[in-house]
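This report concerns only the one structure given below.
Residue numbers (the numbering used here): 20 to 156.
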């Protein structure tokens, strides 16, 4: 019975030491660290609450920066698409103009060929009489 009581009280002493004394030790150590680091408490708040609010503020700032970066990216994409569309429109116009010019040149070439063929036929008709005379000799 004596050993049972001793064990019970020893276990109780261990539990109290662990919970109460260790908690006090931890509180004192954190207070010393905060004083050494010159950690200012805002509105007498708990340091963990203060750190949590700073973390949330930092996260909001990061979210805002991400949103701004996304807006800049979207704007740059729009500008690039606009430049590409303008370039495509200019190239399409140049192609259309070149095709018109080629059609005009093809028409001129066809007219020149037709004129040449007409002149050749006329020349052959004129020189045919001379060719017939030279063949008779």
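For each residue, glycine too, the CB sits at the ideal point set by N, CA and C.
Under three-state DSSP, which class holds residue 20? coil
Rounded C-beta distance between residue 164 and residue 79? I'm assuming under 8 Å. Because the chain spans 20 through 156 in this model, residue 164 falls outside it and cannot be assessed.
Does residue 56 come out as helix, strand or coil in the three-state DSSP assignment? coil
Separation of residue 136 from residue 146, as counted between CA atoms: Take the alpha-carbon of residue 146 and the one of residue 136: they are about 15 Å apart.
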